[in-house]
Amino acid sequence: MPLFIYEIFICLILSFLFFKERSLSFKLMPLFFLLLLSVESYCAYLNKNDLPTNHIYNFWFPVEYIFYGYFITGYMTEKTRKKISMGLIIGYTIFTIIYYVFSQDLYVFSSLAYLMGFVAILIIILFKLYEILNQEIIFNPLKNEIFWFSIGILIVNLGGFFHFGATNYMYNNNKEFHKALQSLNVYLTEFQYLCFCIYFFCKWKYQNSHI
Numbered sequence: 003m004p005l006f007i008y009e010i011f012i013c014l015i016l017s018f019l020f021f022k023e024r025s026l027s028f029k030l031m032p033l034f035f036l037l038l039l040s041v042e043s044y045c046a047y048l049n050k051n052d053l054p055t056n057h058i059y060n061f062w063f064p065v066e067y068i069f070y071g072y073f074i075t076g077y078m079t080e081k082t083r084k085k086i087s088m089g090l091i092i093g094y095t096i097f098t099i100i101y102y103v104f105s106q107d108l109y110v111f112s113s114l115a116y117l118m119g120f121v122a123i124l125i126i127i128l129f130k131l132y133e134i135l136n137q138e139i140i141f142n143p144l145k146n147e148i149f150w151f152s153i154g155i156l157i158v159n160l161g162g163f164f165h166f167g168a169t170n171y172m173y174n175n176n177k178e179f180h181k182a183l184q185s186l187n188v189y190l191t192e193f194q195y196l197c198f199c200i201y202f203f204c205k206w207k208y209q210n211s212h213i
């Protein structure tokens, strides 16, 4: 099993520590990580046996983006940015549903759905990072839990932007490069879930931000 599977399991366990928080996003977090663990474990099994996984990720990527966007938006303090972020989440959800209803082949990776989700989550993350770095009293961002959560998602998506955005083309025209980018994406994914573990540690120790 890839290392990130074990990291997700750790995140699942840690998510129960904050289940009693008032926020709906915290109550959904254990369910999200349980689904994430199931999806990634099953896809790892399929990859090991050279079986297709595109049809699974086509549906899972939007779920991730919607949850991450909603979770980060809950940390925002400025009302306008918060409204725009919620609008992006709702708009992306509607777009994805319509797109998949008319999609011809769900076994081909939906680069457009991925790229639209990437743009939405990128804007939401930049909104929150702007808030963190432009406070009247700037605290050490390394002690801010949502900083780590956002950075993990940002890095893995910036790294995967070219890979997933052009995955169908590369698979058909340059399989060696496609395989190399897949390996890079695994390392970035491990970094993402490491950042999530740091998020839980910071929330437990510092409690700088609240939902």
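Terminal number for the sequence shown in the working numbering: 213, no gaps in between. Note that beta-carbon positions come from the ideal geometry of N, C-alpha and C, so glycine has one too.
| query | Grouping DSSP H, G and I as helix and E and B as strand, with all else coil, what is Q194? | reply | Position 192 of the sequence shown, counting from 1, holds the residue named residue 194. Helix.
| So is T98 buried or exposed if we call it buried at 16+ other beta carbons inside 10 Å? | Sequence index remark: in the sequence shown, residue 98 carries index 96 (1-based). Buried, by the Cβ-count rule.
| field | F73 in three-state terms, based on DSSP | value | For the purposes of this step, residue 73 is identified with residue 71 of the sequence shown, where counting begins at 1. Helix at F73.
| query | DSSP state of P64, grouped into three classes? | reply | Here residue 64 corresponds to residue number 62 of the sequence shown, with the count starting at 1. DSSP, reduced to helix, strand and coil, places P64 within a helical segment of the structure shown.
| query | If we count the other Cβ atoms within 10 Å of its Cβ and call it buried at 16 or more, is N51 buried or exposed? | reply | One-based indexing of the sequence shown puts residue 51 at position 49. Here N51 is exposed. Its C-beta has fewer than 16 other C-beta atoms within 10 Å.
| said: Taking the straight line between their C-alpha atoms, what separation do you get for Y77 and Y8? | reply: Within the sequence shown, numbered from 1, the residue matching residue 77 stands at position 75. Within the sequence shown, numbered from 1, the residue matching residue 8 stands at position 6. Computed Cα separation, rounded: 27 angstroms.
| message | Please report the distance separating the alpha-carbon of N159 from that of F120. | response | Position 157 of the sequence shown, counted from the start, is the residue given in the question as residue 159. Position 118 of the sequence shown, counted from the start, is the residue given in the question as residue 120. Going by the C-alpha atoms only, they are around 7 angstroms apart.
| said: Tell me whether the segment 106-124 and the segment 184-198 touch, counting them as touching only if at least three CB pairs, one residue from each stretch, are closer than 8 angstroms. | reply: Fewer than three Cβ pairs drawn from the segment 106-124 and the segment 184-198 lie within less than 8 angstroms of each other, which leaves the two stretches out of contact.
| field | Assumed close pair L156, I127 - CB separation to whole angstroms, cut-off 8 angstroms | value | Residue 156 sits at position 154 when you count from the first residue of the sequence shown. Residue 127 sits at position 125 when you count from the first residue of the sequence shown. Contact between L156 and I127 holds: their C-beta atoms lie close to 5 angstroms from each other, under 8 angstroms.
| task | Tell me whether M3 is buried or exposed, calling it buried when 16 or more other Cβ atoms sit within 10 Å of its Cβ. | result | As a position in the sequence shown, residue 3 is number 1, starting the count at 1. M3 sits exposed, since fewer than 16 C-beta atoms from the chains shown fall within 10 Å of its C-beta.
| request: Confirm, please, whether the CB-CB distance from S27 to Y72 is below 8 angstroms. | output: Mapped onto the sequence shown, residue 72 falls at position 70. Mapped onto the sequence shown, residue 27 falls at position 25. Using a Cβ distance threshold of 8 angstroms, Y72 and S27 count as a contacting pair.
| query | Under the three-state reduction of DSSP, which class applies to I213: helix, strand or coil? | reply | The count along the sequence shown starts at 1 and reaches residue 213 at position 211. Only weak support is given to the placement of I213: the predicted model assigns it a pLDDT of 44, under 50, and the value that follows is read from those uncertain coordinates. Correct three-state label for I213: coil.
| request: Output the distance between the C-alpha atoms of T82 and N146, rounded to the nearest integer angstrom. | output: Sequence index remark: in the sequence shown, residue 82 carries index 80 (1-based). Sequence index remark: in the sequence shown, residue 146 carries index 144 (1-based). Whole-angstrom Cα-Cα distance: 22 angstroms.
| task | For my contact list, K130 and I74 are in at a C-beta cut-off of 8 angstroms; report their separation, rounded to the angstrom. | result | The count along the sequence shown starts at 1 and reaches residue 130 at position 128. The count along the sequence shown starts at 1 and reaches residue 74 at position 72. I74 and K130 do touch by the CB rule: their CB atoms are close to 5 angstroms apart, below 8 angstroms.
| message | So the candidates are F35, S43 and K22; which of them puts its Cα closest to the Cα of C199? | response | Taking the sequence shown and counting its residues from 1, one reaches residue 199 at position 197. Closest in C-alpha terms to C199, from the list F35, S43 and K22, comes F35.
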